[in-house]
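I have placed the structure first, in the form of structure tokens, so that the comments after it can refer back to it.
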């Protein structure tokens, strides 16, 4: 090995830049945080080439004198730590003094600043080489322009995603800061087109502007805390409004947006018994506590924290959320746990008596639809190669008022799932198996699997069949969401969705998959947007399509609360018997349970 030696200043700066400036979004976040710490009330961000071509951040904050301007590009130079003791009670967003020199080490940086009542000056840094401070023209505040990000470290550019993906991460970083600072106006432009334009507002107004009218309509206030050192405020959506990912969970501690594992775990626990597995709540929660009670210096991006009283913070958050959700359920009549567009789930059943124990989901051993594979027939189920999947009806016809119920099929038509006996709570189908066991079927979960398999069968044939809409539907979305959908148009067309742009904040839906029937396209597109946000360029097309199919199947299935007549219940059971993987839905939940004689004997203490 070579002898130990000191690294050059340029090499050290570029290593530090790798920790601070991971991608364009990190640079945008650092620059906007500097503007907020400077007291800005208007912040303008412009991006070109996803941020690698150009980043511009302008603010009307305090500005810097020529002496401060010369120091701001030196490592570990900051105005935010007046003394060493302040390191343990951080009250600002940025404090390390690494952002500007790190950006300057890997890009072409130009800073123009003018303090209130003073003259404007400018300094440039290119690849770590610092220029002289010189007079310039500029409005009060600071203007930071970053060009050719990572030009000095071209290897890092190879790890970046497409410009659209990188721009999306940058806009999301500003969006989260905008939630934490509602009194500040934010404007973000991509390639000269505004994608975020927020006027100053109160907290409720900013939440409605950023998270949309659906959240505003379904959210309940969260406040108070069981720990006196902590103040909690914000809004949380009732369980009827969920998302397929955790992207819409906004957690702010001392005005700093974070993605802290402890806080996210507390959110999961509070909603654990209210929403289905695989769905995530939507919330915007703001926590304030003394700065000395939290350490923000444990993560390079300062997105994770360490609380001095972690258990107290977790408990306070869980209890406040549960109180808010209980009050919300009472004021709205009931928390509607409706399956379908928003993926809610019926509340879990009460605990089973100790004499027995809850029956496990019955696994009939459905075979995969692979050529030459015959499934086990122990329970009467089989899957023959080449058997075509029966296409489930997208929606069962509504029963005619006053009409006599359709007669049940003859007993000879019964399969392993038996004959339907009744519908319970307008959610579950109760059937009696040929051997006398009782079968309990979740109608939404079961029909979701049928729809999923029908989608996959059509996709294997080439393309999912679409149904043109008589009148094209206009769905309003955030500009960034519209961009994601339009980028994915080729993949969505294979799934029977025909979309086109309709201005900066809307898409036009011309056709939907025929299997879906006639659903409202707005919730469907919002769920697909959330799914698209999780896709990376490296994700295989087949996996992307399968994830999208799962979302479509959920929206195209009968919901809890839909009353079925006997013929419809029987049709559901017969289609389940002919469909592979019908023991679970697209989200992995069981579609049916079996209660045999032995289970009942245990419950009643007869064994």
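In the numbering used here, the protein residues as written are 569 to 1175.
Ideal placement from N, C-alpha and C gives every residue a C-beta, glycine not left out.
Note that the coordinates shown come from a computational prediction; the quantities given were computed from them, not determined experimentally.
Backbone CA spacing between residue i and residue j [nearest angstrom]
i, j, result
"residue 1083", "residue 1028", "15 Å"
"residue 1172", "residue 1058", "58 Å"
"residue 1081", "residue 1121", "10 Å"
"residue 637", "residue 704", "12 Å"
"residue 854", "residue 803", "9 Å"
"residue 717", "residue 623", "9 Å"
"residue 711", "residue 681", "6 Å"
"residue 994", "residue 1131", "5 Å"
"residue 839", "residue 597", "30 Å"
"residue 1142", "residue 1089", "29 Å"
"residue 631", "residue 768", "21 Å"
"residue 1007", "residue 812", "30 Å"
"residue 673", "residue 579", "9 Å"
"residue 1005", "residue 1170", "14 Å"
"residue 779", "residue 817", "10 Å"
"residue 898", "residue 807", "Confidence is the limiting factor: at residue 898 the pLDDT is only 43, short of 50, which leaves the residue's position unreliable and the question unanswerable from this model."
"residue 774", "residue 588", "29 Å"
"residue 1085", "residue 776", "31 Å"
"residue 675", "residue 878", "39 Å"
"residue 517", "residue 615", "An answer regarding residue 517 cannot be provided, because it is not within the stretch 569 to 1175 covered by the chain."
"residue 701", "residue 591", "28 Å"
"residue 1066", "residue 1032", "11 Å"
"residue 809", "residue 595", "33 Å"
"residue 1013", "residue 1019", "10 Å"
As assigned by DSSP and simplified to three states, the class of residue i
i, result
"residue 1095", "helix"
"residue 1143", "helix"
"residue 698", "strand"
"residue 671", "helix"
"residue 616", "strand"
"residue 849", "strand"
"residue 1047", "helix"
"residue 609", "coil"
"residue 1007", "strand"
"residue 1168", "helix"
"residue 1138", "helix"
"residue 1041", "strand"
"residue 728", "coil"
"residue 988", "strand"
"residue 1085", "coil"
"residue 629", "coil"
"residue 578", "helix"
"residue 572", "coil"
"residue 588", "helix"
"residue 813", "coil"
"residue 1173", "coil"
"residue 1126", "coil"
"residue 891", "helix"
"residue 1074", "strand"
"residue 706", "coil"
"residue 722", "helix"
"residue 1150", "coil"
"residue 1054", "helix"
"residue 873", "coil"
"residue 882", "helix"
Residue range of the beta strand (DSSP E) that includes residue i
i, result
"residue 1019", "Residue 1019 -> not in any beta strand (DSSP E); alpha helix (DSSP H) instead, spanning 1011-1028."
"residue 676", "676-682"
"residue 1161", "1160-1163"
"residue 825", "824-826"
"residue 1132", "Premise fails: residue 1132 is in no beta strand (DSSP E) and is neither H nor E."
"residue 1067", "1066-1069"
Delimiting residues of the alpha helix (DSSP H) encompassing residue i
i, result
"residue 996", "Per DSSP, residue 996 belongs to no alpha helix (DSSP H); it is in the beta strand (DSSP E), 996-1000."
"residue 605", "592-605"
"residue 636", "634-639"
"residue 1058", "1057-1062"
"residue 831", "829-839"
Presumed contact (8 Å Cβ cut-off) between residue i and residue j, rounded CB distance
i, j, result
"residue 1154", "residue 1017", "6 Å"
"residue 1150", "residue 1159", "6 Å"
"residue 618", "residue 734", "4 Å"
"residue 860", "residue 827", "Incorrect: roughly 22 Å between the Cβ atoms, too far for contact."
"residue 863", "residue 799", "Wrong, their Cβ atoms sit about 19 Å apart, outside the cutoff."
"residue 640", "residue 677", "About 10 Å separates the two Cβ atoms, so there is no contact after all."
"residue 763", "residue 788", "With 8 Å as the limit, residue 763 and residue 788 do not qualify as a contact, their Cβ atoms being about 29 Å apart."
beta-carbon residue i near the ligand ATP non-hydrogen atom, thresh 7 Å
i, result
"residue 703", "Because no ligand of any kind appears in the structure shown, any question about the ligand ATP cannot be addressed here."
If we require 3 or more residues per run, which beta strand (DSSP E) segments fall completely within the segment 736-807? The segment 736-807 contains these whole beta strand (DSSP E) runs: 753-758, 761-766, 787-791, 799-805.
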